[in-house]
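Peer 1: The structure's right below; bear with me while I get my questions together.
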Amino acid sequence: MSDINEVIRKKPWIGWSIFLVSMVTVFVLGLFAASIMERRTEALVAYTPAKPIPDFEPRLKVWGENFPREYVTYLKTQETNFVTKYNGNDVKDALEEDPLMVVLWAGYLFSRDYNRPRGHLYAIEDIRKTLRTGAPKDAHDGPQPNTCWSCKSPDVVRLMQQMGPMEFYKGKWASKGHEVVNNIGCLDCHDPKTMNLTITRPALVEAFQRQGVDITKATHAEKRSLVCAQCHVEYYFKGEDKYLTFPWDKGITVEDIEKYYDSINFVDWTHALSRAPMLKAQHPEYETWKMGIHSRRGVSCADCHMPYISEGGIKFTDHHITTPLKTINRSCQVCHRESEEELKQNVYTQQDRVMELRMKAEESLAKAHIEAKLAWEKGALEAEMKPVLTLIRHAGWRWDFAVASHGASFHASTEMSRVLGTSIDKSGKARVILARILAKHGVSEEVTMPDLSTKAKAQKFIGLDMNALKAEKDIFLNEMVPKWDEQAKIREEKY
Amino acid sequence: MDKTTVFHRLYSAGLSIIREYPLLIATLAGVVLGLLLIIIHVSNFFSYLSDRPETCMNCHIMGTQYATWMHSAHREVTTCNDCHVPQDNIVKKYMFKAMDGLRHSYVFTLRAEPQAIMIKKQGERAVSDNCKRCHELLFLSPALKNENLYNVDTSEGRLCWHCHRETPHGSLRSLSSNPYARVPTTESMIPKWLVDTLKKEQAKQSNRK
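Sequences listed follow chains A and B, in order. Final position of the first sequence in the numbering used here is 495; the numbers increase by one with none missing. Final position of the second sequence in the numbering used here is 1209; the numbers increase by one with none missing.
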């Protein structure tokens, strides 16, 4: 065994080689590690906004500077130029189209005013203008609580984070008019640092928590529906606090939610004609989408309503959220091979069929309400009427559930047909009992129906003074609303 | 001096270095090993043993490929590896992964990636085999007799995607065609402020009761 020092002394190149090999190895490994780190940082930078967006920034424009394509397409939600067979994006009076709804909602604010839905960028304008929010004279006046603002604006995220949901919901709707001024925007669904999809509304998180469902591990595809589910769901205002709550504790089918509402004796309003304790379905888009085949096959909301678009060699998500009937090529034909016309007709065929049942359900339900009114007038007793009112409550709820979500006739057409079928069944049963009650109290012939052919006639029949309501609203819009905007402008200048 | 003697002398020289300078050698070996560990850590080395599409996104230049797959119907049934790595036997699979991975890491490190990434021959063979693996029934048609099918070695015939050009990655493939391709994020979509707010709220409500 020779001594190494001796070897090196004799042949210095061996020593130098050892030195060089170690140096090169360490150098290359270090370089490699640095390169990996560098490229990882690159990935982070690639998706980080060039112009930093402050936390809780509600203004669309500030975000838009970083993401011009997404911003410009989102601005298109202001368009009012597209009409489908049953809906579209322009203003249209839904009560004028279907005056029976006035009677079905008698005693409830929806009988005053109900329009076709418009784009996200009309959220604030439309909630201010609708007669359903009344005509508050000051911050503590009006029919609605602050909870009504919950889905209308990224300002809500800013406020919730400051004061917590409980405090936010408190008080009358008019008290936060100056705070909530920006239309639904980026902050509602995106994290300002990473642009990741994010949930900003506590009600959705709480609903899943109560069900024991863990959404913190949602996949990317699920996230693309969950952000929509923050708002496009059935909800109610719980208790004195008007705490925004989703009624999903027993499940999300029409029967599950009905059972939930029955178990807590929740009543949206007492019907002005039949005195039935009614439920109003809001817009269960997420629930009805869940009941349909597209959801079953893993298609998320954004896949059809915000399809991919190529522009000048760049691909991005179209932020013009609207009916896929406007983007059949990018929404449907990505999977389906049929022609645009064929696909459109397929949608309409499903909608036509549901629509037919819907009209039958409305007619039967309206008659039940009017016959119940006559029964009360003829001296029917509470005990006699109780089963009738429960049947009317459930029939009304089921009809509303199928109709209130505008897309449900397509999202889950067979389920909606079934739901409307059960509504017709229940209102029919109510009318059989009503016929007996009426006969007992001396009415043996058919109850004559009023003329409900127009919105005006229907509103007159249920006793609404529309001129007075509109006059009040005009005062509110001309006097209070400009003050809100002024206050908001002063606040936003300080951002 | 014959070869054995050279080897033997180097070997014994090594041994005597270790005996003579154990501290120096331990330090040197530690540096090299430590650097290797750093590389294993920063490169998410162990993720490469899995089949998760997120692994392919370790290199952000795959953003376009990930995003287009995410927007296609194939996302429901396939991961990247289901198509791009041989699936007929496990040895072949990991050999292919290792070979491909080595090439990728060298291209990526040298920044030699092309603006539009094109598939290589071995890749074509793997993808083609995997198309057939799932869409087996489509090949029962007499119109698709074997001689019409692509032969990777002779470059004759047709590959599935010579006609199905947009399946599933679409027609825009340049590195810059998806500037905001969403990289899959595994973290929760409930932001911290909301978690904190809800905790406070729930505490308040239970106090009330």
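Glycine included, C-beta positions come from ideal geometry on N, C-alpha and C.
1. Please determine if the segment 339-348 of chain A and the segment 98-116 of chain A are in contact, where contact requires at least 3 C-beta pairs separated by less than 8 Å.
2. Going by DSSP, name the residue or residues bridged to A/A135.
3. Could you give the distance in angstroms between the alpha-carbon of A/W505 and the alpha-carbon of A/I490?
4. Considering Cα atoms alone, identify which of B/S1206, B/K1199, B/E1187 is closest to A/A218.
5. Are the beta-carbon atoms of A/A272 and A/F401 separated by less than 7 Å?
6. Should B/M1057 be labelled buried (16 or more other beta-carbon atoms within 10 Å of its own) or exposed?
7. Exposed or buried, what is A/P247 when buried is set at 16 or more other beta-carbons lying within 10 Å of its beta-carbon?
8. Alpha carbon to alpha carbon, how far is B/T1109 from A/S35? Give it in angstroms, no decimals.
9. So, with DSSP's three-state summary, where would you put A/I314?
10. Nearest-angstrom Cα distance between A/H336 and A/E342?
11. Report the neighbours of A/V26 on chain B: residues whose CB is nearer than 7 Å to its CB, in chain order.
12. Mark A/K242 as exposed unless 16 or more other C-beta atoms lie within 10 angstroms of its C-beta, in which case mark it buried.
13. Taking all protein chains shown into account, do 16 or more other C-beta atoms lie within 10 angstroms of the C-beta of A/W63, making it buried, or fewer, making it exposed?
14. Using beta-carbon positions only, say whether A/L438 and A/A375 come within less than 7 Å of one another.
15. Could you check what DSSP says for B/F1096 in three-state terms: helix, strand or coil?
16. Name the residue from A/S364, A/Y308, A/Y86, A/E222 whose alpha carbon lies nearest to the alpha carbon of B/P1179.
17. Name the residue from A/T422, A/I53, A/S225 whose alpha carbon lies nearest to the alpha carbon of A/S300.
18. Are the C-beta atoms of B/N1234 and some chain A residue less than 7 Å apart?
19. Measure the CB-CB distance between A/K455 and A/P99 and report whether it falls below 7 Å.
20. Taking C-alpha atoms, which residue in B/V1031, B/L1049, B/A1181 lies nearest to A/A43?
21. Give the interface partners of A/L226 over in chain C, defined as CB-CB distance under 9 Å, in chain order.
22. Please name the residue in A/R39, A/I462, A/F32 whose C-alpha comes closest to that of B/I1039.
23. Could you name the residues of the segment 315-333 of chain A whose beta carbon sits closer than 9 Å to any beta carbon of chain B, in the order they occur along the chain?
24. Any idea which residues DSSP pairs A/F237 with across the strands?
25. With respect to 6 Å, is the separation between the Cβ of B/A1116 and the closest non-hydrogen atom of the ligand MG below this value?
26. When Cβ atoms are compared, which residues of the segment 1060-1081 of chain B fall closer than 8 Å to chain A?
27. What is the DSSP secondary structure of A/M1, counted as helix, strand or coil?
28. From A/K152 to B/R1125, what distance separates their C-alpha atoms?
29. What would DSSP say about A/I215, mapped onto helix, strand or coil?
30. I'd like to know whether the C-beta atoms of B/V1127 and B/C1083 end up nearer to each other than 7 Å.
31. Tell me whether the beta-carbon of A/A276 lies closer than 7 Å to the beta-carbon of A/L389.
32. Using a cut-off of 9 Å between C-beta atoms, extract the partners of B/V1042 located in chain A.
33. Using C-beta distances below 7 Å, list every residue in its chain close to A/M466, excluding the 5 sequence neighbours before and after it, in chain order.
34. Is there a Cβ of chain A sitting closer than 7 Å to that of B/L1198, yes or no?
35. I'd like to know whether the C-beta atoms of B/T1005 and B/H1169 end up nearer to each other than 7 Å.
36. In three-state terms, what does DSSP make of A/K386?
Peer 2: From the atom records:
1. No contact exists between the segment 339-348 of chain A and the segment 98-116 of chain A.
2. Walking along the first sequence from the start, residue 135 of chain A turns up at place 135. For A/A135, no pairing in a beta bridge is given by DSSP.
3. Here chain A has residues from 1 to 495 only, and residue 505 of chain A is not among them.
4. Working through the first sequence from its first residue, we reach residue 218 of chain A at position 218. For A/A218, the closest C-alpha among the options B/S1206, B/K1199, B/E1187 is that of B/E1187.
5. The count along the first sequence starts at 1 and reaches residue 272 of chain A at position 272. The count along the first sequence starts at 1 and reaches residue 401 of chain A at position 401. Pairing A/A272 with A/F401 gives a Cβ-Cβ distance that is not under 7 Å.
6. Taking the first residue of the second sequence as 1, we reach residue 1057 of chain B at position 57. Counting Cβ neighbours within 10 Å, B/M1057 comes out buried, since at least 16 surround it.
7. Against the first sequence, residue 247 of chain A aligns to sequence position 247. A/P247 comes out buried.
8. Counting from one through the first sequence, the residue named residue 35 of chain A turns up at place 35. Counting from one through the second sequence, the residue named residue 1109 of chain B turns up at place 109. In this structure, the straight-line span from the alpha carbon of A/S35 to that of B/T1109 is close to 6 Å.
9. Taking the first residue of the first sequence as 1, we reach residue 314 of chain A at position 314. Looking at A/I314 - three-state DSSP - the assignment turns out to be strand.
10. The residue labelled residue 336 of chain A in the question sits at position 336 within the first sequence. The residue labelled residue 342 of chain A in the question sits at position 342 within the first sequence. Between A/H336 and A/E342, the C-alpha separation is close to 10 Å.
11. Locating residue 26 of chain A in the first sequence gives position 26, where the first residue counts as 1. What A/V26 touches in chain B: V1031, V1032, L1035.
12. Indexing the first sequence from 1 puts residue 242 of chain A at position 242. Its Cβ being crowded by 16 or more others within 10 Å, A/K242 is buried.
13. Counted from its first residue, the first sequence places residue 63 of chain A at position 63. Buried, because 16 or more other Cβ atoms sit within 10 Å of the Cβ of A/W63.
14. Taking the first sequence and counting its residues from 1, one reaches residue 438 of chain A at position 438. Taking the first sequence and counting its residues from 1, one reaches residue 375 of chain A at position 375. Yes, they are a contact pair.
15. Here residue 1096 of chain B is taken as the residue at index 96 of the second sequence, counted from 1. DSSP places B/F1096 in helix when its eight states are reduced to three.
16. Mapped onto the second sequence, residue 1179 of chain B falls at position 179. Nearest of A/S364, A/Y308, A/Y86, A/E222 to B/P1179, Cα basis: A/Y308.
17. Stepping through the first sequence from its first residue, residue 300 of chain A is reached at position 300. Closest option to A/S300, Cα to Cα, is A/S225.
18. Nothing in the structure corresponds to residue 1234 of chain B, since chain B is present only between 1001 and 1209.
19. Looking up residue 455 of chain A in the first sequence gives position 455. Looking up residue 99 of chain A in the first sequence gives position 99. In this structure, A/P99 lies closer than 7 Å to A/K455 by Cβ.
20. For the purposes of this step, residue 43 of chain A is identified with residue 43 of the first sequence, where counting begins at 1. Out of B/V1031, B/L1049, B/A1181, B/A1181 has the C-alpha closest to the C-alpha of A/A43.
21. Reference to chain C is not applicable here, since the protein chains of this structure are A and B.
22. Indexing the second sequence from 1 puts residue 1039 of chain B at position 39. Out of A/R39, A/I462, A/F32, A/F32 has the C-alpha closest to the C-alpha of B/I1039.
23. Those residues of the segment 315-333 of chain A that come within reach of chain B (Cβ to Cβ, closer than 9 Å) are K315, F316, T317.
24. Position 237 of the first sequence, counting from 1, holds the residue named residue 237 of chain A. Per the DSSP secondary-structure output, A/F237 pairs in a beta bridge with A/L244.
25. This structure lacks the ligand MG; in fact it carries no ligand of any kind.
26. For the segment 1060-1081 of chain B, which is checked against every Cβ of chain A, the residues closer than 8 Å are H1060, G1063, T1064, A1067, T1068, M1070, H1071, S1072, A1073, R1075, E1076.
27. If you number the first sequence from 1, residue 1 of chain A lands on position 1. Residue placement at A/M1 is flagged as unreliable, the pLDDT there being 44, under the threshold of 50; the coordinate-derived value follows with that caveat. Reduced to three states, the DSSP call for A/M1 is coil.
28. The count along the first sequence starts at 1 and reaches residue 152 of chain A at position 152. The count along the second sequence starts at 1 and reaches residue 1125 of chain B at position 125. One C-alpha to the other measures close to 53 Å.
29. Against the first sequence, residue 215 of chain A aligns to sequence position 215. In this structure, A/I215 counts as coil in the three-state DSSP scheme.
30. Counting from 1 along the second sequence, the entry for residue 1127 of chain B is found at position 127. Counting from 1 along the second sequence, the entry for residue 1083 of chain B is found at position 83. Contact flag set, yes.
31. As a working note, residue 276 of chain A is residue 276 in the first sequence. As a working note, residue 389 of chain A is residue 389 in the first sequence. Result yes, Cβ atoms of A/A276 and A/L389 sit closer than 7 Å.
32. What you label residue 1042 of chain B is simply residue 42 of the second sequence in a count that begins at 1. By Cβ distance, chain A contributes A33, I36, M37, R40.
33. Translated into the one-based positions of the first sequence, residue 466 of chain A becomes position 466. The residues are Q459.
34. Indexing the second sequence from 1 puts residue 1198 of chain B at position 198. Under the Cβ criterion of 7 Å, B/L1198 is counted among the residues facing chain A.
35. The sequence position of residue 1005 of chain B within the second sequence is 5, counting from 1. The sequence position of residue 1169 of chain B within the second sequence is 169, counting from 1. Not closer than 7 Å, so no.
36. Residue numbering aside, residue 386 of chain A sits at position 386 when the first sequence is read from its first letter. Helix at A/K386.
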